[in-house]
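2 protein chains.
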Amino acid sequence: MDIQYAILGFLSWRPFSGYDLKKIISESDLFYWSGNNNQIYKSLIDLHQTNQVTQQILYQENLPSRKVYTITEKGIHTLRAWLLSHPELPEFRNNFMIQLAWADPLSKEEMDALLGTYEEEIDVQLRMRLVQAQAQRAPQRTPRESYLWARISENMTASYQHELDWVREVRKALNEEKFMS
Amino acid sequence: MDIQYAILGFLSWRPFSGYDLKKIISESDLFYWSGNNNQIYKSLIDLHQTNQVTQQILYQENLPSRKVYTITEKGIHTLRAWLLSHPELPEFRNNFMIQLAWADPLSKEEMDALLGTYEEEIDVQLRMRLVQAQAQRAPQRTPRESYLWARISENMTASYQHELDWVREVRKALNEEKFMS
DNA sequence: CTTGTCATGTAAGAGGTTACATGATTCG
DNA sequence: CGAATCATGTAACCTCTTACATGACAAG
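Going line by line, the protein sequences match chains H and A. Heads up: the first sequence begins at 11 in my numbering, then just goes up one per residue. Heads up: the second sequence begins at 11 in my numbering, then just goes up one per residue.
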């Protein structure tokens, strides 16, 4: 469960409740999970049982109690071991590429409409990222950490930007009448 | 099950056995599934039961029989409906970015080693893609289809290339002594 | 004489998602 | 008056992976 490491990472920043993590993860696309309760609450229970985090219940007036989790030394060790472990390759899962791979039976107009819809979708995503960039707050404990978070965010933005450039180029080429069908 | 559409796509090209599809999918990274038996054989049984493909058993001497599947009109319709359906956004799942996000506790040397390993991994992947590019054979039924497959392949290669450029830049910046830790 | 290929399939389980359930409070 | 937020958790289900099982033949 890779999400456990992501959660340990957050808790290495500062204590969080399950609800906090759920919100952060579901709004992030670096932390690509849907942010569903099942995974997060189960992970926290598991981390607690294995003494990688401690649990603190905060009773609140007129609001449900919060369970706030704090990382332990053991948790920090697990995280560090993972940080030093062999990096995984990125997974580029792009169902649209598969759609295109079999799209030759479509007419010129249908193909252009399909590419146009994709272009629009990517464009919306890019604009949303640019707006949210300010709202995103990263742990800024050292200049290096701030730098890393900025670069990671840039990496994701660039991925969408390249996708947008790509689809515009393909669309243009297909409209240049070289391909009759 | 998106893999069903991928399979229907292949069968819209020409008939295949489950074993054929398994090999193609497990060697491809556009078709990003692992290519395990379970999914592919189950999908084919399902497609057969819903009359989207027909099954033909070819008995062979000294070899196990092959079940070769051919797409039906109904299958072609399902595929066409999917081709015209709303494109999904790509999913960039990059566990290494998550690793980096929490990597600030690492020393300068450990960080550089981590980035170096990632750089190496991506580089290997890129080289492998360039070698396999010739081996890859696409359906070349029309010039447009050939063009699309070439561009799709380029899209994937470019993703790795950008990742490589990115990691080299980050690594360089972190070694420029601006960040002491 | 073990490993790999051909070719089918099943079993077990991890990983992940949507939806439901509770119950008080606040916002439009 | 309905919806959203806070906050926890469970149920049901889909997706996907690894590993196992068969059995003949070929190659190192």
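Just so it is clear, CB atoms sit at the ideal spot from N, CA and C, and this is done for glycine as well. Note that this is a predicted model, so its numbers are computed, not measured.
At a beta-carbon threshold of 7 Å, the residues of chain H lying near leucine 89(A) are Trp112, ordered along the chain. DSSP places proline 153(H) in the helix class (H, G or I) of the three-state scheme. Restricting attention to Phe102(A), Glu155(A) and Asp56(A), the CA atom closest to the CA of tyrosine 42(A) is found in Phe102(A).
The beta carbon of histidine 58(A) sits closer than 8 Å to the beta carbons of Thr64, Gln65 and Tyr79 from its chain, once the five residues preceding and following it are set aside; these are given in chain order. Secondary structure at arginine 137(A): helix, using DSSP grouped into helix, strand and coil.
With a minimum length of 4 residues, the unbroken runs of alpha helix (DSSP H) contained wholly in the region 23–97 of chain A fall at 28–37, 47–59 and 83–93. Scanning its chain for C-beta atoms nearer than 8 Å, with the 5 sequence neighbours on each side dropped, one finds around aspartate 122(A) the residues Arg181, Leu184 and Asn185, in chain order. Around the beta carbon of leucine 68(H), fewer than 16 other beta carbons lie within 10 angstroms, which makes this residue exposed.
Contact check for lysine 32(A) against isoleucine 50(A) passes: the beta carbons are separated by less than 9 Å. If you look at phenylalanine 102(H), you'll find it in the beta strand (DSSP E) that goes 101–103. Judged by DSSP in its simplified three-state form, tryptophan 112(A) adopts coil rather than helix or strand.
None of the residues of the region 43–61 of chain H has a beta carbon lying less than 7 Å from any beta carbon of chain A. Remark: C-beta atoms of tyrosine 170(A) and glutamine 142(A) do not approach each other more closely than 9 Å.
In chain H, no part has a C-beta under 8 Å from the C-beta of valine 141(A); the shortest such distance is about 17 Å. In this structure, glutamate 83(A) keeps its C-beta atom at 9 Å or more from the C-beta atom of aspartate 114(H).
Around the beta carbon of proline 153(H), fewer than 16 other beta carbons sit within 10 angstroms, so the residue counts as exposed. Residue environment analysis places methionine 107(A) among the buried positions, since at least 16 neighbouring C-beta atoms fall within 10 angstroms of its C-beta. Apart from the 5 residues on each side of it in sequence, glycine 19(A) sits with its Cβ closer than 8 Å to the Cβ of Leu89 in its chain, given in chain order.
Residues of the region 161–178 of chain A with a C-beta atom less than 7 Å from some C-beta of chain H are Arg161, Ile162, Asn165, Met166, Ala168, Ser169, His172, Glu173 and Trp176, listed in chain order. In the three-state reduction of the DSSP assignment, glutamate 130(A) falls in the helix class.
Assignment of methionine 121(H) by DSSP, reduced to helix, strand and coil, places it in the helix class. Distance between tryptophan 23(A) and arginine 178(H), taken at the CA atoms: about 27 Å. Interface flag for glycine 19(H) against chain A is set, since a Cβ pair is found closer than 9 Å.
Within chain A, the residues Pro100, Phe102, Met166 and Ser169 have their CB atoms less than 7 Å from the CB of phenylalanine 102(H), given in chain order.
In the displayed model, arginine 147(A) falls within coil according to three-state DSSP, outside both helix and strand. Close partners of tyrosine 128(H) in chain A (Cβ separation under 7 Å): Pro97. Taking the CA atoms as reference points, glutamate 164(H) sits about 18 Å from tryptophan 176(H).
Relative to the Cα of isoleucine 13(H), the nearest Cα in the group Asp30(H), Ser53(H) and Tyr29(H) belongs to Ser53(H).
At a beta-carbon threshold of 7 Å, the residues of chain H lying near proline 153(A) are Phe189, ordered along the chain.
Taking the C-beta atoms as reference points, glycine 28(H) is found nearer than 9 Å to asparagine 47(H).
Note on glycine 126(A): under 16 other CB atoms within 10 angstroms of its CB, so exposed under the neighbour-count rule. In the displayed model, phenylalanine 106(H) falls within a helix according to three-state DSSP.
Distance from asparagine 104(A) to proline 100(H) at the Cβ level is roughly 4 Å; contact confirmed, criterion being Cβ atoms closer than 8 Å.
Between isoleucine 132(A) and leucine 40(A), the beta carbon gap of about 17 Å keeps them out of contact (Cβ cut-off 8 Å).
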